[in-house]
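Encoded as structure tokens, the structure appears first; notes follow it.
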Ligand SMILES: Nc1ncnc2c1ncn2[C@@H]1O[C@H](COP(=O)(O)OP(=O)(O)OP(=O)(O)O)[C@@H](O)[C@H]1O
Ligand SMILES: [Mg+2]
């Protein structure tokens, strides 16, 4: 018998529009659907401005969606009020990109990491809180001697470890990691990624890993969604996407990623032009202004639907219009 595991996170047709002056809006996230299995490391990749952070912040409910649904552990949390729902607030954690600005500069590490312990009733006394903070410091490879330091006294890597400890001490299930290593030196990046990987196993976590770095994503994630102007261009198993990219955008991104095997070096596809503005996105396929495989006028007039292109594999491109039945971008559950 095939047992289907229910996804821990399932989002459908999620949208976020930011209103601007003169009645204009930024379509930061424009109908994203995806589902994340428990224990998975799911990567969200896209260029700057593609909507990664907006998507991550909606999932942990720091931002209100303009439309669509977020199902977490079988519960629709799209409209949940996290100031009331403490359990949910604890279960969904976010690690920010920049540990320099996300840690309170005038709080000692003990208070930075231990900030939510009392609120969430996870400890009964100050001694217990300190004990717990020390154990989480050790879990992220730091020691008791850092307890009474301030964030500015730590290195970038140590600060990010503190940010990770601060999120994990609350016993979350789903952690959104928003470019957790992009502000760090390459060698420190590798250490922090290794740490995150071991913590996932130890603490039974599920990660949504946001990045613009495809080399990191290949090493670190199991599933992947490629975002462009707030829409998913392609999604599926990371290894499948790397070994046989279907969408021209995925192909271009992968072609310029450093290869693990230098004998497999192919031609680099350099995309022309800049990513268009989400205030005034192109008509039709959002990628058509930079696409090197345009099928015809349809690319300029009609937005391709996200179609199934194999098991757990979905692609939004007119190149594949005749292959598999179409599904509406917002209504598909990859
Ligand atoms: N509060 C806001 N008000 C108006 N526009 C916003 C707001 N937050 C984000 N945006 C816009 O939404 C789009 C998506 O932004 P977002 O920060 O989600 O992108 P990103 O993929 O995380 O980019 P980066 O890689 O630079 O972090 C951008 O055009 C951004 O300018
Ligand atoms: Mg971002």
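Numbering (the working numbering), first residue to last: 61 to 394. Quick reminder that beta carbons are idealized off the backbone N, C-alpha and C, glycines included. Values in this document were obtained by computation on a predicted structure and should not be read as measured data.
Range of the contiguous beta strand (DSSP E) that encloses residue i
| i | result |
| --- | --- |
| residue 77 | 69–79 |
| residue 149 | Taken as a continuous stretch (DSSP letters only), residue 149 belongs to no beta strand (DSSP E), being part of the alpha helix (DSSP H) at 146–151. |
| residue 234 | 234–238 |
| residue 297 | 291–297 |
| residue 367 | 366–368 |
| residue 375 | 374–376 |
| residue 179 | Element bounds for residue 179: n/a, residue is neither H nor E. |
| residue 127 | 127–132 |
| residue 286 | 283–288 |
Contact check, residue i vs residue j, beta carbons under 8 Å
| i | j | result |
| --- | --- | --- |
| residue 284 | residue 105 | yes |
| residue 235 | residue 265 | yes |
| residue 171 | residue 128 | no |
| residue 109 | residue 286 | no |
| residue 308 | residue 351 | yes |
| residue 290 | residue 87 | yes |
| residue 125 | residue 84 | no |
| residue 366 | residue 357 | no |
| residue 190 | residue 216 | no |
| residue 135 | residue 243 | no |
| residue 297 | residue 282 | yes |
| residue 115 | residue 92 | yes |
| residue 137 | residue 148 | yes |
| residue 196 | residue 169 | no |
| residue 302 | residue 292 | no |
| residue 374 | residue 294 | yes |
| residue 182 | residue 193 | no |
| residue 81 | residue 272 | no |
| residue 226 | residue 173 | yes |
| residue 130 | residue 224 | no |
| residue 399 | residue 346 | Any property of residue 399 remains undetermined from this structure, which presents the chain solely from 61 to 394. |
Local Cβ density within 10 Å of residue i, reported as buried at 16 or more and exposed below that
| i | result |
| --- | --- |
| residue 275 | exposed |
| residue 316 | exposed |
| residue 267 | buried |
| residue 68 | buried |
| residue 362 | exposed |
| residue 252 | buried |
| residue 166 | exposed |
| residue 179 | exposed |
| residue 382 | exposed |
| residue 418 | Look at the range of the chain in this structure, 61 to 394, and you will see that residue 418 is not part of it. |
| residue 211 | buried |
| residue 66 | exposed |
| residue 89 | buried |
| residue 204 | exposed |
| residue 79 | exposed |
| residue 117 | buried |
| residue 338 | buried |
| residue 177 | buried |
| residue 246 | exposed |
| residue 152 | buried |
| residue 263 | exposed |
| residue 61 | Bear in mind that a pLDDT of 47 at residue 61, under 50, signals an unreliable position, so the number given afterwards is only what the model happens to contain. Per the 10 Å Cβ criterion, exposed. |
Residue i: CB within 7 Å of a non-hydrogen atom of ligand 3
| i | result |
| --- | --- |
| residue 342 | Looking for ligand 3 in the displayed structure turns up nothing; the ligands present are ligand 1 and ligand 2. |
Supposed close pair residue i, residue j - CB separation, criterion 8 Å
| i | j | result |
| --- | --- | --- |
| residue 269 | residue 372 | With 8 Å as the limit, residue 269 and residue 372 do not qualify as a contact, their Cβ atoms being about 18 Å apart. |
| residue 202 | residue 221 | 6 Å |
| residue 355 | residue 379 | 6 Å |
| residue 142 | residue 238 | No, residue 142 and residue 238 are not in contact; Cβ-Cβ is about 17 Å, not under 8 Å. |
| residue 348 | residue 341 | Rounded, the Cβ-Cβ distance is 11 Å, inconsistent with contact. |
| residue 175 | residue 231 | Not a contact, Cβ separation roughly 14 Å. |
| residue 260 | residue 101 | 7 Å |
| residue 240 | residue 255 | With 8 Å as the limit, residue 240 and residue 255 do not qualify as a contact, their Cβ atoms being about 10 Å apart. |
Range covered by the alpha helix (DSSP H) that runs through residue i
| i | result |
| --- | --- |
| residue 216 | 216–228 |
| residue 252 | 246–263 |
| residue 309 | 308–315 |
| residue 347 | Note, residue 347: premise wrong, no alpha helix (DSSP H); not H, not E. |
| residue 171 | 169–174 |
| residue 397 | Outside the displayed range of the chain (61 to 394) lies residue 397, so it cannot be described from this structure. |
| residue 275 | 274–280 |
| residue 269 | Residue 269 -> not in any alpha helix (DSSP H); beta strand (DSSP E) instead, spanning 266–271. |
| residue 241 | It is not in any alpha helix (DSSP H) - residue 241 carries neither H nor E in the DSSP assignment. |
| residue 361 | 358–361 |
key: Completely contained alpha helix (DSSP H) runs for the stretch 85–111, where each covers 4 or more residues   = Fully enclosed alpha helix (DSSP H) runs of no fewer than 4 residues are not present anywhere in the stretch 85–111.
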